[in-house]
Amino acid sequence: MPKKNYYNVNQEYAEKFYQLPMVFFTNEKYKPLKLETKVAYAILKDRFSYSVKNNWVDDNGNIYFIFTNQELMNMLNCAKEKVVKIKKELEKANLLEQKRIGLNQPNRLYLLRPEVNADDVYLISHHNDPSALQPQGSSIFELPDHKASALQPQGSSIFELPENGASALQPQGSSKIEPYLYYTSSEDTIKTQENTQLDFSPSNYTPAEIDAQNKDLVKNAANYYTQTDTKDTVIFNQDTYKLLSMWVKTPKDLARITGIVLNAKNSVVKELKKQNIKYAEAVLNIDGNRKLSSSDIQFLNEMGIEPHKLQKEISNTMRRVLNRTRRIYDEGKKVNIENYIFGAYKNMFQNYADEILEKREAISN
Numbered sequence: 001m002p003k004k005n006y007y008n009v010n011q012e013y014a015e016k017f018y019q020l021p022m023v024f025f026t027n028e029k030y031k032p033l034k035l036e037t038k039v040a041y042a043i044l045k046d047r048f049s050y051s052v053k054n055n056w057v058d059d060n061g062n063i064y065f066i067f068t069n070q071e072l073m074n075m076l077n078c079a080k081e082k083v084v085k086i087k088k089e090l091e092k093a094n095l096l097e098q099k100r101i102g103l104n105q106p107n108r109l110y111l112l113r114p115e116v117n118a119d120d121v122y123l124i125s126h127h128n129d130p131s132a133l134q135p136q137g138s139s140i141f142e143l144p145d146h147k148a149s150a151l152q153p154q155g156s157s158i159f160e161l162p163e164n165g166a167s168a169l170q171p172q173g174s175s176k177i178e179p180y181l182y183y184t185s186s187e188d189t190i191k192t193q194e195n196t197q198l199d200f201s202p203s204n205y206t207p208a209e210i211d212a213q214n215k216d217l218v219k220n221a222a223n224y225y226t227q228t229d230t231k232d233t234v235i236f237n238q239d240t241y242k243l244l245s246m247w248v249k250t251p252k253d254l255a256r257i258t259g260i261v262l263n264a265k266n267s268v269v270k271e272l273k274k275q276n277i278k279y280a281e282a283v284l285n286i287d288g289n290r291k292l293s294s295s296d297i298q299f300l301n302e303m304g305i306e307p308h309k310l311q312k313e314i315s316n317t318m319r320r321v322l323n324r325t326r327r328i329y330d331e332g333k334k335v336n337i338e339n340y341i342f343g344a345y346k347n348m349f350q351n352y353a354d355e356i357l358e359k360r361e362a363i364s365n
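Its first residue numbered 1, the sequence shown is counted upward by one per residue in the UniProt record's numbering.
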């Protein structure tokens, strides 16, 4: 008789873990923290249920702790000097706040959320993905499944990729393109060498040539990023790409900005899903190059969703961001533009979503 794998209470408790925020290992602000300080944060975070049980919640609904240094020493299994150092390091990193209550009473300890910037979003969401710059969600940077690219002829073709998904720039295995790559004409003496392949790497071009290529790609982004003959979904419309073409210098920068905005949008969608919002994806429906059908518009309008208004807000937000950063630079100050873009768009998407949900509720009533 096969052995039965029962759930055992001892095993269940042995598999309980403290959770360390991943941002502690991606953000330059938190990476220098001592490991024991990071662990202490995780232990305190795990005690939130204990705080709620003891009604350690202030008038604003914020959770706090009431622990003496001795209790923290027992909890963290360390000496008083170590507890004091840990608390100071957490306070310095804006991860802990102490509020005095009264004479001979322990301070209230407030655990604070770590800050997350655009770089953290990239690193955390792609920590198992080597392609860290590829934005999340559907975008122009990936071809849709089973759909031909705008540059790829429709139907059967000798340029068809093999089923194993070999790269178009580096043939692998057997492919219909191989006989034509190395074809030798019997009517002339020019032969294609077997080791000759297309190579668009920057090392093959002079700095002047690369600069000209970048300028052309950025200048015409409004045309090829939002082609109407493709079904790729993009987050910006032509107006926004024309605006960005006056500010960015390389396609890489353009892709970076697009990825940051997509991540801001997906962050809000993720929060909506946690709240079990119906049709969370549709609330922030974005397609910069697609002409919505009348049935699509009717469906979205019935839910209070206005995709054209959202697209306009996306353009306006980019102008506000660029205007604000220009003013900051004019004042001789510095700004982390990626953080600013992410924060501005996340706020915009959240405000828009809140407005849509209010309309949806009004319509349903």
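Just so you know, even glycine gets a beta-carbon here, dropped at the ideal spot from N, CA and C.
Determine the extent of the beta strand (DSSP E) in which residue i is found, giving its start and end residues.
| i | result |
| --- | --- |
| Arg113 | No beta strand (DSSP E) contains Arg113, which DSSP labels as neither H nor E. |
| Glu97 | 96 to 99 |
Can the beta-carbon of residue i be found closer than 8 Å to that of residue j?
| i | j | result |
| --- | --- | --- |
| Val261 | Ile341 | yes |
| Pro114 | Phe236 | no |
| Ala42 | Gln19 | yes |
| Ile86 | Thr37 | yes |
| Arg319 | Leu254 | no |
| Val234 | Gln350 | no |
| Lys273 | Ala280 | yes |
| Ala353 | Val283 | yes |
| Leu44 | Leu111 | yes |
| Leu76 | Val83 | yes |
For the alpha helix (DSSP H) containing residue i, list its first residue and its last residue.
| i | result |
| --- | --- |
| Lys219 | 207 to 219 |
| Ile260 | 251 to 274 |
| Met75 | 69 to 76 |
| Thr26 | Looking at the DSSP string, Thr26 is not in any alpha helix (DSSP H), and its letter there is neither H nor E. |
| Met318 | 307 to 330 |
| Tyr18 | Here Tyr18 belongs to no alpha helix (DSSP H), and DSSP marks it neither H nor E. |
| Ile86 | 80 to 92 |
| Val52 | 48 to 53 |
| Lys278 | Here Lys278 belongs to no alpha helix (DSSP H), and DSSP marks it neither H nor E. |
| Ala239 | It is Asp, not Ala, that sits at residue 239 in the sequence shown. 238 to 245 is the span of the alpha helix (DSSP H), which, as asked, contains Asp239. |
Which residues in the same chain have their Cβ closer than 7 Å to the Cβ of residue i, if we skip the five residues on either side of it in sequence?
| i | result |
| --- | --- |
| Asn214 | Lys249, Thr250, Pro251 |
| Thr240 | Ile314, Ser315, Met318 |
| Ala93 | Lys29, Tyr30, Leu33 |
| Leu217 | Pro251 |
| Val116 | Val23 |
| Lys80 | Asn69, Met73 |
| Gln275 | none |
| Ile337 | Thr325 |
Alpha carbon to alpha carbon, how far is residue j from residue i? Give it in angstroms, no decimals.
| i | j | result |
| --- | --- | --- |
| Tyr50 | Trp56 | 9 Å |
| Asn257 | Thr325 | The sequence shown places Ile at residue 257, not Asn. Cα to Cα, Ile257 sits roughly 14 Å from Thr325. |
| Tyr64 | Arg47 | 10 Å |
| Tyr345 | Leu109 | 32 Å |
| Ile66 | Leu72 | 10 Å |
| residue 374 | Phe17 | For residue 374 there is no data in the structure shown, the boundaries of the chain being 1 and 365. |
| Asp199 | Thr206 | 14 Å |
| Asn69 | Gln105 | 12 Å |
| Ile101 | Cys78 | 25 Å |
| Ser201 | Leu357 | 48 Å |
| Lys278 | Glu271 | 12 Å |
| Glu331 | Asn323 | 13 Å |
| Gln298 | Lys359 | 15 Å |
| Ser294 | Asn285 | 15 Å |
| Gln58 | Asp211 | Reading off the sequence, residue 58 comes out as Asp, not Gln. Taking the straight line from one Cα to the other gives about 58 Å. |
| Val321 | Asn347 | 12 Å |
| Asn339 | Lys333 | 15 Å |
| Asn60 | Asn107 | 17 Å |
| Lys4 | Asn54 | 40 Å |
| Gln311 | Asn62 | 36 Å |
| Ser203 | Gln238 | 32 Å |
| Lys88 | Met246 | 46 Å |
| Leu95 | Glu355 | 32 Å |
| Thr35 | Leu300 | The question names Thr, yet the displayed sequence has Leu at residue 35. Taking the straight line from one Cα to the other gives about 49 Å. |
Enumerate in chain order the residues of its own chain whose CB-to-CB distance from residue i is below 8 Å, with the five nearest sequence positions on each side excluded.
| i | result |
| --- | --- |
| Ala208 | none |
| Glu91 | Glu97, Gln98 |
| Leu52 | For the sequence presented, residue 52 should be read as Val rather than Leu. Answer for Val52: Ile63, listed in chain order. |
With a CB to CB cut of under 6 Å and the five nearest residues on each side skipped, what residues in its chain are close to residue i?
| i | result |
| --- | --- |
| Val335 | Thr325, Ile328 |
Q.
Check whether the stretch 306 to 314 and the stretch 213 to 223 are in contact - that is, three or more C-beta pairs closer than 8 Å.
A. no
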